[in-house]
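Heads up, the thing below is written out as structure tokens.
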């Protein structure tokens, strides 16, 4: 019972912090008025009227809304870069730490706002730190509840971990590249099945790098597209080819290694391979 109260306290404190951070927005930077507005101001000698800035942020539902949100945040961070960065990192860590779906969208948004290199660095860092916080929260508060709610899954994962204890790091990489177990469940159950935190941390950073790259690069491309015709230009096609290579090559290497070293019982799920690897 103490662990439940402790978890509720942590979730409540983190929620209150994120809510407070989102409520105390600093004033948005003013846009320079167009030349016509300046001329009207000179002729009428009236004070300029402030523009109504769309300060409310919402999750985009289509390409146009994503581009508008990225443009708004890019404009906003010209004078408040630290605040935008803090808000983005806090929201990302909140989702990752408490295993809330939506990190893929935040990866795409990172690419749209911060660009490829900064966005990829942020996505990898925040994914790793957030997953590690989830690991620590589960270790401190959630072991009993996870075992009670998912006894079969925990038992199956425990057996696979023990079978591959001599090459545990590569086994964890395999699980990240080929998620037979959802990432959120692996994050929460890792301390229960005695996965060292150092192996866990490194495997998250390396194993999710291709996935993060795909999402961030997608965000960069979506923020730059003005029409569907741009998607089929030679530059975009080459970028898509590079994304495919980045996504497939590490997975192919890990799979080749797994066939000779790992002990896996991989059954068909949603079209995934159906074979036993010894």
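Numbering (the UniProt record's numbering), first residue to last: 1 to 278. Ideal Cβ placement from N, Cα and C applies to all residues, glycine included.
Nearest-angstrom beta carbon gap, residue j and residue i [assumed within contact, 8 Å]
i, j, result
"residue 184", "residue 123", "Residue 184 to residue 123, Cβ: 17 Å. No contact."
"residue 26", "residue 80", "5 Å"
Residue i vs residue j beta-carbon contact at 8 Å
i, j, result
"residue 112", "residue 21", "no"
"residue 199", "residue 168", "yes"
"residue 97", "residue 133", "yes"
"residue 106", "residue 217", "no"
"residue 182", "residue 139", "no"
"residue 158", "residue 193", "yes"
"residue 95", "residue 103", "yes"
"residue 137", "residue 91", "no"
"residue 141", "residue 12", "no"
"residue 72", "residue 219", "no"
Where residue i falls: helix, strand or coil (DSSP)
i, result
"residue 208", "coil"
"residue 123", "helix"
"residue 151", "helix"
"residue 111", "helix"
"residue 164", "coil"
"residue 84", "helix"
"residue 183", "helix"
"residue 78", "coil"
"residue 9", "helix"
"residue 100", "coil"
"residue 36", "Reliability of the predicted coordinates at residue 36 is poor, the pLDDT of 49 falling under 50, and no value is obtained from them."
"residue 193", "coil"
"residue 353", "This structure leaves residue 353 out entirely; the chain is present only between 1 and 278."
"residue 73", "helix"
"residue 19", "helix"
"residue 238", "helix"
"residue 49", "Its pLDDT being 41, under 50, residue 49 is placed unreliably by the model, and the measurement read from it follows with that caveat. Three-state DSSP puts residue 49 in coil, outside helix and strand."
"residue 145", "helix"
Minimum C-alpha distance to residue i - residue among the options
i, options, result
"residue 7", "195, 135, 156 and 213", "135"
"residue 119", "154, 142 and 88", "88"
"residue 129", "201, 196, 177 and 142", "201"
"residue 154", "121, 170, 195 and 80", "195"
"residue 189", "131, 178, 165 and 215", "131"
"residue 14", "23, 82, 93 and 76", "93"
"residue 212", "238, 177, 186 and 74", "177"
### Message
Counting beta carbon pairs with one atom in the stretch 146 to 155 and one in the stretch 200 to 217, are three or more of them shorter than 8 Å?
### Response
no
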